[in-house]
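These notes concern the structure reproduced below.
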Amino acid sequence: MNSVVNLTLAKNSQVGNIAFIDLKAQQRRIRPAIEKRLQSVLDHGRYIAGPEIDELEEKLAGRTEAKTVIACASGTAALIIPLLARGIGPGDAVFAPAFTYNATANAILLAGATPIFVDIDPATFNMDPADLERRIASVKNEGRLHPSAVIPVDLFGSPADYREISKIAEREGLFLLSDGAQSFGAELDGKPVGNLAPATATSFFPGKGLGAYGDAGAIFSQNTLDRERWSSIRWHGTDEARKDSVRVGFNGRMDSFQAAVLLEKLSIFDDELTARRNIAAEYDKRLSKIARPQADIDGSVSGQGYYSLCMENRDDIVKKLNRAGVPTAIYYSTPLHLMPAFADYAPANGLPVTEKVASEIFALPMHPYLTPQQVDYICEAVCEAVR
Ligand SMILES: Cc1ncc(COP(=O)(O)O)c(C=O)c1O
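Using our numbering, you'd call the opening residue of the sequence shown number 44 and step up by one each time.
In structure tokens:
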């Protein structure tokens, strides 16, 4: 028997269809400029390593205060390259949350290392530094693996607690690699993502805050010396002449068409980020009394890749919202340690906070082209769904 009651809320004509993410509206805004950029790639014909790659790396470095930026094939490549460059592999323990997209753990395992899953903070949904300390102590105690790296994830765009995690990483000699796949544009203590950790990986998957028209990613470093090794690994491990293999690598390159699209999208990114943040502020204002939206740590501003909130009767609420024409998504209903591919790495006592949040979380539509009428309708729909 279905116990879900439909909402009585009526959509007026100004609300129209609500998209969870609206890439079409964005494309309408900049299509002529994108076509011009793509045309220019067709004209010069350097589909790999075209001038757009250098231009993009330069602009991204300016935007993120990174000392060097490597454009690459995907967010996954952006995670794997720094791990390989550090020589992280078999026998190494790499600490990461299980409340993230599978790519975070895949990168660790593809490098040959072992993921050690860390629980999250119940308010920020990001890595809990106190649990990180506990897991490091227990790996050291067991003595089987060498604690080597930590990969905090800036979930949904909200920076992880780099203040605490950096201190722990420094004390324990861990390589700190930020998974900023969802947080391009976010800030902590006035510093942008790309400058919050020694190395940061981001994704330009089409649905991300800054998205390509295909797969793409980038790695940001605070050390210019990373450039040579990272760019060699992204180009099959070759030397600067792209001839001899000097290390093991793979095809981790971004193509010129994706860089061309990203350059155009970067030019409207700040404007879009402001719109995302205004929408999130309105959601927070209207919904935080009846739900638990993700909290940002003090001194941080989210990149607002997604807008997620927790409600105890999540499944009922989501059904009601969907019937009322409000699309939703659940990131992530199954944490990684409960998935078959990563079950061997599940901590003995599970991850209690992660599991609870996974059972209550869902995401509301978030994109810069939501109209005030749509945001109002979504908020009303959530309020009515709990009545
Ligand atoms: C947290 C996180 N890490 C890594 C990735 C991997 O990025 P890509 O799909 O570009 O390889 C994603 C992509 O969704 C992600 O959300």
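C-beta: ideal position from N, C-alpha, C; glycine also.
- With which residues is Met-170 paired in a DSSP beta bridge? For the purposes of this step, residue 170 is taken as the residue at position 127 of the sequence shown. According to DSSP, Met-170 bridges with Ile-163.
- Query: Is the beta carbon of Gly-254 within less than 7 Å of some heavy atom of ligand 1?
  - Reply: The sequence position of residue 254 within the sequence shown is 211, counting from 1. No, the beta carbon of Gly-254 sits no closer than 7 Å to any heavy atom of ligand 1.
- Is the Cβ-Cβ distance between Ile-262 and Leu-127 less than 8 Å? Against the sequence shown, residue 262 aligns to sequence position 219. Against the sequence shown, residue 127 aligns to sequence position 84. Going by C-beta atoms, Ile-262 is not nearer than 8 Å to Leu-127.
- Message: On the CB-based measure, 16 or more other CB atoms within 10 Å of its CB, does Thr-267 come out buried or exposed?
- Response: What you label residue 267 is simply residue 224 of the sequence shown in a count that begins at 1. Exposed, by the Cβ-count rule.
- Task: With hydrogens ignored, establish whether the beta-carbon of Thr-111 is closer than 7 Å to any heavy atom of ligand 1.
- Result: Reading the sequence shown from its first residue, position 68 is the one you call residue 111. Flag unset: Cβ of Thr-111 not near ligand 1.
- Flag this pair as touching only if the segment 285 to 295 and the segment 304 to 311 have three or more C-beta atom pairs under 8 Å; answer yes or no. no
- Query: Is the segment 217 to 231 in contact with the segment 80 to 94, if contact means three or more CB pairs nearer than 8 Å?
  - Reply: no
- Item | Spatial distance of Arg-270 from Ala-406 (CA atoms) | Numbered from its first residue, the sequence shown carries residue 270 at position 227. Numbered from its first residue, the sequence shown carries residue 406 at position 363. For Arg-270 and Ala-406, the distance between alpha carbons rounds to 37 Å.
- Message: Quick check for students: name the residue ranges of the beta strand (DSSP E) that lie wholly in the segment 118 to 158, counting only runs of 3 or more.
- Response: 135 to 140
- Inter-residue spacing [alpha-carbon to alpha-carbon] between Thr-119 and Val-400: Looking up residue 119 in the sequence shown gives position 76. Looking up residue 400 in the sequence shown gives position 357. Roughly 25 Å separates the two Cα atoms.
- Item | Inter-residue CB distance, Ala-424 and Leu-52 (contact presumed, cutoff 8 Å) | Sequence index remark: in the sequence shown, residue 424 carries index 381 (1-based). Sequence index remark: in the sequence shown, residue 52 carries index 9 (1-based). At roughly 6 Å, the Cβ-Cβ gap stays under 8 Å, so Ala-424 and Leu-52 are in contact.
- Query: Secondary structure at His-189, three-state DSSP: helix, strand or coil?
  - Reply: What you label residue 189 is simply residue 146 of the sequence shown in a count that begins at 1. His-189: strand per DSSP, three-state reduction.
- Item | Proximity test, Thr-143 beta-carbon vs ligand 1 heavy atom, cut-off 7 Å | For the purposes of this step, residue 143 is taken as residue 100 along the sequence shown, with counting starting at 1. Yes, ligand 1 has a heavy atom inside 7 Å of this Cβ.
- Using the DSSP secondary-structure output, state which residues sit across from Asp-298 in a beta bridge. Taking the first residue of the sequence shown as position 1, residue 298 is located at position 255. Beta-bridge pairing links Asp-298 to Ile-91.
- Message: At the level of alpha carbons, what is the spacing between Ser-345 and Leu-198?
- Response: Position 302 of the sequence shown holds residue 345. Position 155 of the sequence shown holds residue 198. Approximately 9 Å, taken between the alpha carbons.
- Query: Do Gln-225 and ligand 1 come close, with the Cβ less than 7 Å from some heavy atom?
  - Reply: Position 182 of the sequence shown, counted from the first residue, corresponds to residue 225. Using a cutoff of 7 Å, the CB of Gln-225 counts as near ligand 1, since one of the ligand's heavy atoms is closer than that.
- Proximity below 8 Å, CB of Ala-203 to CB of Asn-169: By 1-based counting over the sequence shown, the position of residue 203 is 160. By 1-based counting over the sequence shown, the position of residue 169 is 126. Contact: yes.
- Message: For Asn-238, count the other beta carbons within 10 Å of its own beta carbon; 16 or more makes it buried, fewer makes it exposed. Which is it?
- Response: As a position in the sequence shown, residue 238 is number 195, starting the count at 1. Buried, by the Cβ-count rule.
- Query: Considering only residues of the same chain and omitting the five flanking positions on each side of Asp-258, which have a CB-CB separation below 7 Å?
  - Reply: For the purposes of this step, residue 258 is taken as residue 215 along the sequence shown, with counting starting at 1. If we look at Asp-258 and ignore the five residues flanking it on each side, its Cβ neighbours are Ala-116, Ser-117 and Phe-248.
- Does the beta-carbon distance from Ala-244 to Leu-122 come in below 8 Å? Locating residue 244 in the sequence shown gives position 201, where the first residue counts as 1. Locating residue 122 in the sequence shown gives position 79, where the first residue counts as 1. It is a contact, given that the beta carbons lie within the stated cut-off.
- Message: Do Ile-113 and Ser-274 count as a contact pair if the criterion is CB distance below 8 Å?
- Response: Position 231 of the sequence shown, counted from the first residue, corresponds to residue 274. Position 70 of the sequence shown, counted from the first residue, corresponds to residue 113. Yes. Within cutoff.
- Query: For ligand 1, is there a heavy atom less than 7 Å away from the beta-carbon of Gly-118?
  - Reply: Numbered from 1 along the sequence shown, position 75 holds the residue referred to as residue 118. For ligand 1, at least one heavy atom lies less than 7 Å from the Cβ of Gly-118.
- Express the C-alpha separation of Ala-367 and Ser-56 in angstroms, rounding to a whole number. Reading the sequence shown from its first residue, position 13 is the one you call residue 56. Reading the sequence shown from its first residue, position 324 is the one you call residue 367. Spanning the two alpha carbons is a distance of roughly 14 Å.
- Would you decide whether Gln-301 is buried or exposed? Buried here means 16 or more other CB atoms lie within 10 Å of its CB. Along the sequence shown, read from residue 1 onward, the residue named residue 301 stands at position 258. With 16 or more other Cβ atoms within 10 Å, it is buried.
- Message: Whole angstroms are fine: how far does the CA of Lys-79 sit from the CA of Ile-73?
- Response: Position 30 of the sequence shown, counted from the first residue, corresponds to residue 73. Position 36 of the sequence shown, counted from the first residue, corresponds to residue 79. Rounded to the nearest angstrom, the two C-alpha atoms are 10 Å apart.
- Query: For Gln-265, which residues of its own chain have a beta-carbon under 6 Å away from its beta-carbon, when the five flanking residues on both sides are left out?
  - Reply: Indexing the sequence shown from 1 puts residue 265 at position 222. Excluding positions up to five away in sequence, the list reads Lys-110 and Pro-241.
- Message: Assuming contact is defined by CB atoms lying nearer than 8 Å, are Tyr-420 and Val-58 in contact in what I supplied?
- Response: As a first step, residue 420 must be located in the sequence shown, where it is residue number 377. As a first step, residue 58 must be located in the sequence shown, where it is residue number 15. Yes, they are a contact pair.
- Boundaries of the alpha helix (DSSP H) in which Val-112 is found, first to last residue: Your numbering for residue 112 matches position 69 in the sequence shown. Run containing Val-112: none in the alpha helix (DSSP H); it sits in the beta strand (DSSP E), 111 to 115.
- Message: At a cut-off of 7 Å, would you count Phe-312 as near ligand 1, judging by its Cβ distance to the nearest heavy atom?
- Response: Here the question's residue 312 lines up with position 269 in the sequence shown. False, no ligand heavy atom lies under 7 Å from that Cβ.
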